[in-house]
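Residue numbers (our numbering): 55 to 254.
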Amino acid sequence: MPGRGLTAGEKSRPFGREKRIATVHKGSHVSTIIVSRRGLLASVGALAAAGLAGCNTTQTAPAAGATPAPAPVGYRIASVVVDTTPLVGQSGNPTAQWAQDALPGALAQALSSHMAPGDPSGGTLSVVVNSIYLGGGGPADPDRMRGVATFNGQQIPIRTTSTWISSPVDNALVEQSNQNRVNALAVSFAYLLKKKLRRA
Numbered sequence: 055m056p057g058r059g060l061t062a063g064e065k066s067r068p069f070g071r072e073k074r075i076a077t078v079h080k081g082s083h084v085s086t087i088i089v090s091r092r093g094l095l096a097s098v099g100a101l102a103a104a105g106l107a108g109c110n111t112t113q114t115a116p117a118a119g120a121t122p123a124p125a126p127v128g129y130r131i132a133s134v135v136v137d138t139t140p141l142v143g144q145s146g147n148p149t150a151q152w153a154q155d156a157l158p159g160a161l162a163q164a165l166s167s168h169m170a171p172g173d174p175s176g177g178t179l180s181v182v183v184n185s186i187y188l189g190g191g192g193p194a195d196p197d198r199m200r201g202v203a204t205f206n207g208q209q210i211p212i213r214t215t216s217t218w219i220s221s222p223v224d225n226a227l228v229e230q231s232n233q234n235r236v237n238a239l240a241v242s243f244a245y246l247l248k249k250k251l252r253r254a
């Protein structure tokens, strides 16, 4: 299947859900998430944040005898902002929306040991996704995602790839297959960013 940006009008489905406080600016593809430590531990394995549009979750008190979450290690991330606005012009929707849905959860999981929601000493991690390319399949033409992360004034360019192998199921369910490929790119992007932040 040749690489392409998906056309407008196709519908996307949420990739996952994690417990968080979220603020969304509709129409701009910009979302801010502040993930609770307790909710973060409970949602390890969830790679996307679905329901970002208009979802405000009230934090509940921890149960009696519950083990407190460990303190963040090293650098502290108080909040995460994901901006896929450039992607709308490059790939269109639903590709941009899939990335918007998948990245917050993927980042929260990859960087869970550094999340410190609301910590005044923590910084804001801002991620801008500039392009997504869904290749023809296999190592010779992998899927690609490019973007820039900014943390504590430092800009970190990210270029990540994910290899997709076509199957009969993918050919029958093209939209679901493409969304899964974007989700895989979001996970790859998040873990590559984690490595680069560790070296910074």
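Cβ coordinates follow ideal geometry from the N, Cα and C atoms, glycine included. These numbers come from a predicted model, not from an experiment.
Own chain partners of residue i with C-beta closer than 7 Å, once the 5 adjacent residues on each side are dropped
| i | result |
| --- | --- |
| Val-182 | Asp-137, Pro-140, Gly-201 and Val-202 |
| Thr-217 | Gly-192, Pro-193 and Pro-196 |
| Gln-209 | Val-202 |
| Ser-175 | Arg-130 |
| Gly-128 | His-168 |
Three-state secondary structure (DSSP) of residue i
| i | result |
| --- | --- |
| Pro-174 | coil |
| Tyr-245 | helix |
| Leu-227 | coil |
| Asn-206 | coil |
| Thr-215 | strand |
| Asn-184 | strand |
| Ser-133 | strand |
| Lys-143 | The residue you asked about is not Lys; residue 143 is Gly in the sequence shown. The answer is helix: DSSP assigns Gly-143 an H, G or I state. |
| Leu-157 | helix |
| Arg-235 | helix |
| Leu-28 | The shown model of the chain, from 55 to 254, leaves out residue 28, and the question about it has no answer. |
Rounded straight-line distance, which links the Cα of residue j to that of residue i
| i | j | result |
| --- | --- | --- |
| Arg-130 | Asn-234 | 30 Å |
| Ala-255 | Gly-191 | Missing from the structure shown is residue 255; the chain here goes from 55 to 254 and no further. |
| Ser-133 | Met-169 | 8 Å |
| Gly-172 | Pro-158 | 16 Å |
| Ile-186 | Met-199 | 4 Å |
| Asn-232 | Tyr-245 | 20 Å |
| Ser-145 | Gln-230 | 16 Å |
| Asn-206 | Leu-251 | 11 Å |
| Lys-249 | Ser-220 | 29 Å |
| Asp-224 | Ala-238 | 15 Å |
| Ala-162 | Arg-253 | 19 Å |
| Leu-188 | Thr-178 | 29 Å |
| Phe-222 | Val-135 | One point to set straight first is that residue 222 is Pro, not Phe, in the sequence displayed. Cα to Cα, Pro-222 sits roughly 37 Å from Val-135. |
Close Cβ partners of residue i (< 6 Å) along its chain, the five nearest in sequence each way excluded
| i | result |
| --- | --- |
| Leu-247 | Ala-203 and Ile-212 |
| Asn-184 | Pro-140, Arg-200 and Gly-201 |
| Ala-164 | Ala-244, Tyr-245 and Lys-248 |
Cβ-Cβ separation, residue j to residue i (assumed contact under 8 Å), whole Å
| i | j | result |
| --- | --- | --- |
| Thr-214 | Ser-242 | 4 Å |
| Ala-156 | Val-228 | Actually they do not touch by this definition, with Cβ atoms about 18 Å apart. |
| Ala-226 | Ala-160 | Between Ala-160 and Ala-226 the Cβ distance is about 26 Å, and since that is not below 8 Å, they are no contact. |
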